[in-house]
């Protein structure tokens, strides 16, 4: 079984409902189990500030799916939930990001693993540090706890109960 971290986010409509529906779809993927799920986080948009704040979380999956199969399923779930292409960094109904897949380092035209720049994003680091603080970033060789503690781009990241 492969260890995979997936980021989930939404900043349009009923954000919590979209995130929960994405979780439900992840839970029924073939050969895949949700092992851990972070709290929900209310987060400030990083680049495009003139849009609603996001609701984010991260899940740890165990799967027998290959990374390309899983990436296909993530995009399929986004489509089912109503996401259609918008401008980069713009608002979205749902966003499912394949953050890490084991310790693989992939750099292909349609997929980069580890997800680029996630180590600079509080909306990913805070939930990762919550559910996998001792896990090591395969390129940076630092734990998620260390990366979050040293995070310099302190956009608002509020853990919800």
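In my numbering, the protein residues as written are 19 to 179.
Ideal Cβ placement from N, Cα and C applies to all residues, glycine included.
Remember, predicted model here, so these are calculated numbers, not experimental data.
| message | When you compare the CB positions of residue 77 and residue 44, do they come within less than 8 Å of one another, or not? | response | For the purposes of this step, residue 77 is taken as residue 59 along the chain shown, with counting starting at 1. For the purposes of this step, residue 44 is taken as residue 26 along the chain shown, with counting starting at 1. Yes.
| field | First through last residue of the beta strand (DSSP E) which encompasses residue 27 | value | Counted from its first residue, the chain shown places residue 27 at position 9. Residue 27 -> beta strand (DSSP E) spans 20-28.
| field | CB contact flag (residue 155, residue 132, <8 Å) | value | The sequence position of residue 155 within the chain shown is 137, counting from 1. The sequence position of residue 132 within the chain shown is 114, counting from 1. Yes, the Cβ-Cβ distance between residue 155 and residue 132 is below 8 Å.
| How big is the Cα-Cα spacing for residue 57 and residue 141? | For the purposes of this step, residue 57 is taken as residue 39 along the chain shown, with counting starting at 1. For the purposes of this step, residue 141 is taken as residue 123 along the chain shown, with counting starting at 1. If I take the Cα positions, the gap works out to 11 Å.
| said: On the DSSP bridge list, what partners appear for residue 177? | reply: Along the chain shown, read from residue 1 onward, the residue named residue 177 stands at position 159. Note: residue 177 sits in a beta bridge opposite 59.
| query | Hey, is the region 71-89 in contact with the region 24-43, meaning 3+ C-beta pairs nearer than 8 Å? | reply | The region 71-89 is in contact with the region 24-43.
| request: Check each candidate in 67, 81 and 87 and name the one with the smallest Cα separation from residue 19. | output: Taking the first residue of the chain shown as position 1, residue 19 is located at position 1. Considering only 67, 81 and 87, the residue with the shortest C-alpha distance to residue 19 is 81.
| request: Assuming residue 114 contacts residue 40 (C-beta within less than 8 Å), just tell me the rounded distance between them. | output: Counting from one through the chain shown, the residue named residue 114 turns up at place 96. Counting from one through the chain shown, the residue named residue 40 turns up at place 22. So it is a contact: roughly 6 Å between Cβ atoms.
| said: For residue 72, list the residues DSSP reports as bridge partners. | reply: Counting from one through the chain shown, the residue named residue 72 turns up at place 54. DSSP lists 61 as partners of residue 72.
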